[in-house]
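**Q** One structure is given below, represented as structure tokens, and several questions about it will come after.
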RNA sequence: GGUGGCAUAGCUCAGCUGGAUAGAGCACCUGCCUUCUAAGCAGGCGGUCCUAGGUUCGAAUCCUAGUGCCAUCACCA
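In the numbering used here, the protein residues as written are 850 to 1444.
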């Protein structure tokens, strides 16, 4: 049983027996480092129930606990804080209990409680950039964290593969492409298509400028430029199923998917199910018709359909245009329902989308609730802040983006450079080195992004490279490599990795701190899941590693003469290594055995 | 203008349900590699927790008002 649960019951018992009062709650906190003790009971809140001097009350309860609770060795009272010192045996017992459980801290999946996590969901006309990286890392990591917390998870994305913007790149390729392909140019498919999207925009702007020069006013020119009209015509053909257009669309989208797939692979993310907007964009209309009957929606004179959310403090929101065509909201309603049809065990969804769409999702969730779906109670918008550059917002059309592929290559190169300078890997093959550099470079990038609270915006300065020292991914990976190095050496010694640890006379303070830190991991996973926050995991792993390095420095592990102590330290190190690895796995970051 | 988010050290960030002297990293300054990987460890420097009120035994944390930055409020996606 959790020590806190035991103590809570005992404190209540103490209060009842000493003061003859019933205490509603007991407040705990970890003892601050500057005081002696492991766990602290705050006496102040008890003053609502009890009358008297907090220090005195604390002392009386402390004496009771010391007497009655086996795990408590001693206590001290500072002002209204009752600090309890726990016996070393308590920590050793805990360690023995967890050291051989694989996946310590993870809760096994409850199959009935499935959740779908959507992330990435890019347009198919431009390559992925730094903003997508944040989205992907967050979505993937939150999915992993939810799994670890006991949920069944489906990872998904909806690919925005239709619409006027797609036609623009298609048109540009048709007109200026000369039959170029990814193969013929050596370009990644998404990059090639992205280039044509930019080319369209350039040609279109030139055309508009020329029309304006010829005396046409700007608004009219923007609407009537022949390129735009041609793109619109192409969209109509696509919708009508025109063979030529559809086959071009398939071809170019195929290029993009191949390109994206490479980026996803390098980024280390994946999906269980893909949705395509071309399949889903007509969904939702029937639901709107239903909702209209039920009175959830209402129709205006012009035939457009709305929902009134003024009672919820929002506006009226359109769900169907007067010509009967869908808006984005219609589609999202339909898609959500479709997902539950596809996976009957879904009881909630997470949408990983930037915070600029906070309003949209607020409305979407409200509508789904009003339509009466039970799963609508468990919808969450994983909203995150933008990644901005010192020059401001990233804009694809203006070329002010940090390309995802380029950035990953750059990070890998930096890792290679630092590693070469340190020169520890002479024995490695070129291939192993390459793999390691990628692991470290990406580790730096991923950690850099995930350690920040999702809600906050990130300012990314490409000039100032991401750090590899201090509170960084490589620092944590390095600690893991150190631990593995010890474990490799252990093989030639008489240390057993699986024996039960005997209760030692005195635990080193650093050993105790490490076990305390390990104890937190299960709660940390739950907290991270509850808050949808990989940052919680990142910060925890950092604290653990920090603690380990301090231990490593102060205490000799393999140099210890006493075999029991040596064994304990090796096993403790091993467990820390495991937790670092599984924590990082939740962030989608790999850890090396050497670096 | 309405709504939502954010504001903590020079910079990047932690700070759980209110609790003890507000913590890390980077940068800057000191030490520590003949002993387990120095991408490390130990120490120093550095704070009106945006401002003003309020609630409380106690506020960076909760409430109110204000300031600044960002987003959003389309028959666009």
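Just so you know, even glycine gets a beta-carbon here, dropped at the ideal spot from N, CA and C.
As the structure is a computational prediction, the values presented were derived from the model and not from experiment.
1) Can you grab the Cα-Cα spacing for the pair residue 1000 / residue 958, in whole Å?
2) Could you compute how far the alpha carbon of residue 889 sits from the alpha carbon of residue 1261?
3) Taking 8 angstroms as the cut-off, decide whether the C-beta atoms of residue 1421 and residue 1345 are in contact.
4) Who are the near neighbours of residue 1141 in its chain, counting only those whose CB is closer than 8 angstroms to its CB and skipping five residues on each side?
5) Alpha carbon to alpha carbon, how far is residue 1189 from residue 1195?
6) Nearest to residue 1041 by alpha carbon, out of 1084, 1073, 1013, 973?
7) State the start and end residues of the unbroken beta strand (DSSP E) segment that holds residue 1230.
8) If you reduce the DSSP assignment to three classes, tell me which class residue 878 lands in.
9) In the DSSP assignment, the beta strand (DSSP E) including residue 924 goes from what residue to what residue?
10) Between 1103, 1291, 1267, which has its C-alpha nearest residue 1257's C-alpha?
11) Do residue 1306 and residue 1221 come within 8 angstroms of each other at the CB atom, strictly closer than that value?
12) So, with DSSP's three-state summary, where would you put residue 960?
13) For the beta strand (DSSP E) containing residue 1022, name the first residue and the last one.
14) Quick check on the DSSP output: the beta strand (DSSP E) that includes residue 1157 runs from which residue to which?
15) Taking C-alpha atoms, which residue in 876, 1087, 1263, 917 lies nearest to residue 866?
16) Which word fits residue 1263, buried or exposed, when buried means at least 16 other C-beta atoms lie within 10 angstroms of its C-beta?
17) Do you know how far the Cα of residue 954 is from the Cα of residue 1436?
18) When DSSP labels each residue in this structure, what does residue 993 get in the three-state scheme?
19) Where does residue 913 fall in DSSP's three states?
20) Spatial neighbours of residue 1238 within its chain, please: CB distance less than 8 angstroms, with the 5 preceding and 5 following residues excluded, ordered by chain position.
21) Along the beta strand (DSSP E) that carries residue 1196, what are the first and last residues, could you check?
22) Starting from the Cα of residue 1139, find the closest Cα among 1122, 1183, 1087 and give me that residue.
23) Thinking C-beta only, is residue 1200 closer than 8 angstroms to residue 1227?
24) Return the first residue and the last residue of the beta strand (DSSP E) that residue 871 is part of.
25) What is the DSSP secondary structure of residue 1281, counted as helix, strand or coil?
26) Going by C-alpha distance, which of 964, 1100, 1198 is nearest residue 1028?
27) Would you mind sorting residue 1341 into buried or exposed? The rule is 16 or more other CB atoms within 10 Å of its CB.
28) Count the other CB atoms, across all protein chains shown, that sit within 10 Å of the CB of residue 1013; report buried if there are 16 or more and exposed otherwise.
29) Look at the alpha carbon of residue 1409 and the alpha carbon of residue 1338, and state the distance between them as a whole number of angstroms.
30) Tell me which same chain residues have a C-beta within less than 7 angstroms of the C-beta of residue 1070, skipping the five on either side of it?
31) Which residues in the same chain as residue 1178 place their Cβ atom closer than 6 angstroms to its Cβ, once the five residues preceding and following it in sequence are excluded?
32) State the start and end residues of the unbroken alpha helix (DSSP H) segment that holds residue 1398.
33) Taking C-alpha atoms, which residue in 1213, 1048, 924 lies nearest to residue 1163?
34) If I follow the unbroken beta strand (DSSP E) through residue 1490, where does it start and stop?
35) Can you tell me whether residue 1364 is helix, strand or coil according to DSSP?
36) Cα separation between residue 861 and residue 876?
**A** Taking the geometry as given:
1) Looking at the two C-alpha atoms, the distance is approximately 5 angstroms.
2) Straight through space, the alpha carbons of residue 1261 and residue 889 are spaced by roughly 45 angstroms.
3) For residue 1421 and residue 1345, no; Cβs fall outside 8 angstroms.
4) Closer than 8 angstroms at the Cβ level, and outside the excluded window around residue 1141, lie 1147, 1148, 1154.
5) Going from the Cα of residue 1189 to the Cα of residue 1195 covers about 6 angstroms.
6) With distances taken between Cα atoms, residue 1041 lies closest to 973.
7) 1228 to 1233 is the extent of the beta strand (DSSP E) around residue 1230.
8) Correct three-state label for residue 878: strand.
9) Looking at the DSSP string, the run of the beta strand (DSSP E) that includes residue 924 is 921 to 927.
10) Of all alpha-carbon atoms in 1103, 1291, 1267, the one lying nearest the alpha-carbon of residue 1257 is that of 1291.
11) Not in contact: residue 1221 and residue 1306 (Cβ atoms no closer than 8 angstroms).
12) Three-state result, residue 960: strand.
13) That residue, residue 1022, is in no beta strand (DSSP E); its alpha helix (DSSP H) goes 1013 to 1025.
14) Following the DSSP letters along the chain, one finds residue 1157 inside the beta strand (DSSP E) bounded by residues 1154 to 1157.
15) Residue 917 is the option with its Cα nearest to residue 866.
16) With 16 or more other Cβ atoms within 10 Å, it is buried.
17) About 15 angstroms.
18) In the three-state reduction of the DSSP assignment, residue 993 falls in the helix class.
19) Residue state, collapsed to three classes: helix.
20) Cβ neighbours of residue 1238 beyond the five flanking positions: 1249, 1251, 1308, 1309, 1310, 1311.
21) 1195 to 1203 is the span of the beta strand (DSSP E), which, as asked, contains residue 1196.
22) Ranking 1122, 1183, 1087 by Cα distance to residue 1139 puts 1183 first.
23) Against a cut-off of 8 angstroms, the Cβ pair of residue 1200 and residue 1227 comes out as no contact.
24) For residue 871, there is no enclosing beta strand (DSSP E), since its DSSP letter is neither H nor E.
25) Secondary structure at residue 1281: helix, using DSSP grouped into helix, strand and coil.
26) Looking at the Cα atoms, 1100 is the closest of the given residues.
27) Around the C-beta of residue 1341, fewer than 16 other C-beta atoms lie within 10 Å, and the residue is accordingly described as exposed.
28) So residue 1013 ends up on the exposed side.
29) Whole-angstrom Cα-Cα distance: 14 angstroms.
30) Sequence-distant partners of residue 1070 (beyond 5 residues in either direction) whose C-beta falls short of 7 angstroms from its own C-beta, in its chain, are 1057, 1060, 1061.
31) Excluding residues within five positions, the ones whose Cβ falls inside 6 angstroms are 1168.
32) Annotation: the continuous alpha helix (DSSP H) that includes residue 1398 extends over 1383 to 1403.
33) Checking every option, the nearest Cα to that of residue 1163 belongs to 1213.
34) Look at the range of the chain in this structure, 850 to 1444, and you will see that residue 1490 is not part of it.
35) Helix at residue 1364.
36) Taking the straight line from one Cα to the other gives about 11 angstroms.
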